[in-house]
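Numbering (my numbering), first residue to last: 21 to 537.
Note that the Cβ used here is the ideal one computed from N, Cα and C, for glycine as well.
Working notes, beginning with the structure itself.
Given below as structure tokens:
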């Protein structure tokens with residue numbers, strides 16, 4: 021084999037996967053068809069549990085410059101309806117405002133630090149796999165070539181060549197009747213409230229960073245650069261658009277007038293940009309029928325596309341690759357238990373289906389019609405209840421998922437199969453956060469009860485599982501086995517049962533981390 025793992029696609033998902041593999045001792049080759057990073061503005065931030073995932077790798081403070089861990093968002097939105105999260109403790113939803121270009125730049129810097137080989141201007145054009153590996157055909161500036169690899173991962177977007185060539189189906193539906201327009205523009209200072217950033221127009225106050233539904237469409241505005249706003253509209257059923265005609269600021273201004281019933285003067289930004297001036301007609305919702313075909317796997321937009329309402333895309337994709345990275349590395353190193361790599365599809369495909377469900381629900385809540393208005397009124401009543409708001413927020417965060425961890429725990433604790441909480445731990449070296457112990461993306465056995473039983477039980481796995489002894493003021497099981505993706509794979513029995521504290525631990529270790537050395 022020339023390479024253990026080839027990654028096609030150098031966006032956030034491909035770069036994050038490259039980092040995860042490198043942390044696990046695998047040196048992938050990343051192929052990116054663009055010779056330089058793209059300048060087109062895309063996503064404007066991260067929403068959901070992915071923010072905590074970045075924190076667990078030591079990247080949150082690096083990306084933000086903050087000296088504190090992520091802070092839950094006090095509010096968000098669902099289908100254009102405000103979601104008050106300020107009364108929920110702990111807060112279930114985190115947000116990290118960061119342009120996708122900046123996110124890619126920082127992830128690339130990290131990948132290069134870890135020794136990842138990034139080949140820009142190298143485009144995967146075909147593949148052929150057999151029982152031993154995958155042969156990849158690459159088009160490159162210096163001449164076409166072939167690369168032999170044990171595994172290939174497609175992070176190459178919605179039109180993924182990897183997915184198509186591997187024969188992975190991409191069923192779904194295309195909406196034809198919606199047109200979305202977005203552009204960066206300078207708005208009149210007289211129409212903006214300097215204290216709140218709200219737009220004062222048509223006798224109403226339009227709050228930024230919210231979708232506003234009217235009888236004629238949807239309007240939104242946001243500002244990520246002083247003096248410049250990103251203005252967006254969505255309209256339904258206005259007939260076919262000639263895509264050959266470029267989008268203009270005047271076209272957006274006319275759309276705003278139709279949606280809000282008032283004129284909003286807009287002028288082009290004077291700053292260098294790059295700036296958005298974009299029209300999108302229709303929209304795809306699709307989910308790959310399988311995330312693995314032999315030695316070929318897909319992640320991110322190559323595995324799922326959906327509405328961007330609520331910002332779920334990077335949350336879903338980046339968690340895909342964090343789930344996949346350590347499992348793929350285990351296969352490369354030869355200690356993966358049977359079926360481990362298949363759990364990537366088993367665990368992440370239902371999550372993708374769940375995101376498809378809630379983005380479709382949000383799009384339905386934004387659509388025009390008296391029936392939708394009635395539905396929104398009823399939904400607003402449901403959101404008055406705290407537990408309903410928590411349910412929706414956890415759904416959007418992706419923290420409502422519970423993976424099946426097997427039968428190693430006779431009496432499963434509520435934490436089993438869920439993300440481990442960020443505990444404050446007292447160790448011999450001082451007080452640390454659990455997130456500080458997971459920067460290396462290694463499995464972790466947390467012993468909070470003292471004694472030698474857990475460490476002795478896990479001795480055969482010490483080459484791949486770290487054991488940390490500590491105490492915590494929070495009431496949690498005395499023992500926690502945490503996978504590299506942050507999910508709890510085993511919890512010790514309740515002390516009141518009288519069972520050995522290590523009951524089921526060997527089985528859990530073997531299930532996820534193979535036979536002892």
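Where residue i falls: helix, strand or coil (DSSP)
i, result
"residue 516", "helix"
"residue 179", "coil"
"residue 215", "coil"
"residue 353", "helix"
"residue 340", "helix"
"residue 64", "coil"
"residue 80", "helix"
"residue 504", "coil"
"residue 24", "strand"
"residue 320", "helix"
"residue 210", "helix"
"residue 493", "coil"
"residue 312", "strand"
"residue 233", "strand"
"residue 38", "helix"
"residue 245", "strand"
"residue 345", "helix"
"residue 290", "coil"
"residue 220", "strand"
"residue 431", "coil"
"residue 74", "helix"
"residue 264", "coil"
"residue 392", "helix"
"residue 185", "helix"
"residue 436", "coil"
"residue 284", "coil"
"residue 111", "coil"
"residue 333", "helix"
N- and C-terminal bounds of the alpha helix (DSSP H) containing residue i
i, result
"residue 379", "362-386"
"residue 526", "525-533"
"residue 277", "269-280"
"residue 143", "Careful: residue 143 lies outside any alpha helix (DSSP H), inside the beta strand (DSSP E) at 143-149."
"residue 59", "That residue, residue 59, is in no alpha helix (DSSP H); it is neither H nor E in DSSP."
"residue 196", "Not the alpha helix (DSSP H): residue 196 falls in the beta strand (DSSP E), residues 192-205."
"residue 557", "Only positions 21 to 537 of the chain appear in this structure, which leaves residue 557 out of reach."
Bridge partners - residue i, DSSP secondary structure assignment
i, result
"residue 240", "252"
"residue 401", "In the DSSP output, where bridge partners are listed per residue, residue 401 has none listed."
"residue 51", "28 and 139"
"residue 325", "306"
"residue 488", "466"
"residue 499", "467"
"residue 511", "500"
Beta strand (DSSP E) segment containing residue i, residue limits
i, result
"residue 408", "No beta strand (DSSP E) holds residue 408; the alpha helix (DSSP H) holding it covers 406-417."
"residue 226", "224-226"
"residue 166", "165-174"
"residue 157", "154-159"
"residue 297", "297-307"
"residue 116", "115-117"
### Ordered list of beta strand (DSSP E) runs contained in the segment 85-109, each at least 3 residues
Complete beta strand (DSSP E) runs here, min 3: 95-98 and 101-104.
### Task
Any chance you could list the alpha helix (DSSP H) runs of at least 4 consecutive residues sitting entirely within the segment 440-486, in chain order?
Listed in chain order, they are 473-477.
#### Entry: Validate contact between the segment 356-374 and the segment 62-69 using beta carbons, cut 8 Å, 3 pairs
With a cut-off of 8 Å on Cβ pairs, the segment 356-374 is not in contact with the segment 62-69, counting fewer than three such pairs.
### Query
Below 8 Å, can you find three or more Cβ-Cβ pairs linking the segment 107-126 to the segment 63-83?
Touching, yes.
### Query
Are there three or more Cβ pairs, one per stretch, closer than 8 Å when the segment 408-424 is compared with the segment 97-112?
Contact check between the segment 408-424 and the segment 97-112: three or more CB pairs, one atom from each, fall below 8 Å, which counts as touching.
### Query
Are at least three pairs of beta-carbons, each pair with one atom in the segment 190-197 and one in the segment 298-309, less than 8 Å apart?
With the cut-off at 8 Å, the segment 190-197 and the segment 298-309 touch.
### Message
Check whether the segment 384-397 and the segment 473-491 are in contact - that is, three or more C-beta pairs closer than 8 Å.
### Response
No, they do not touch.
### Task
Take every Cβ of the segment 343-356, pair it with every Cβ of the segment 202-222, and state whether three or more of those distances are shorter than 8 Å.
With a cut-off of 8 Å on Cβ pairs, the segment 343-356 is not in contact with the segment 202-222, counting fewer than three such pairs.
### Query
If you pair each beta-carbon of the segment 331-350 with each one of the segment 509-520, do three or more pairs fall below 8 Å?
Contact between the segment 331-350 and the segment 509-520 is absent, with fewer than three C-beta pairs closer than 8 Å.
### Query
Three or more beta-carbon pairs under 8 Å between the segment 307-321 and the segment 72-92, yes or no?
Inter-segment contact for the segment 307-321 and the segment 72-92 is absent: fewer than three beta-carbon pairs are separated by less than 8 Å.
### the segment 175-184 in contact with the segment 274-290 per 3-pair CB rule at 8 Å
Flag = no, the segment 175-184 and the segment 274-290 do not touch.
### Query
Between the segment 494-511 and the segment 452-470, are three or more C-beta pairs nearer than 8 Å?
Result yes; three or more Cβ-Cβ pairs closer than 8 Å.
### Task
May I ask you to verify whether the segment 120-133 touches the segment 34-47, counting CB pairs closer than 8 Å and requiring at least 3?
Yes, the segment 120-133 touches the segment 34-47.
#### Entry: Validate contact between the segment 163-173 and the segment 249-268 using beta carbons, cut 8 Å, 3 pairs
Contact between the segment 163-173 and the segment 249-268 is absent, with fewer than three C-beta pairs closer than 8 Å.
### Query
Is it a yes or a no for the segment 171-179 touching the segment 239-247, going by three-plus beta-carbon pairs under 8 Å?
Touching, no, given that fewer than three Cβ pairs across the two stretches are closer than 8 Å.
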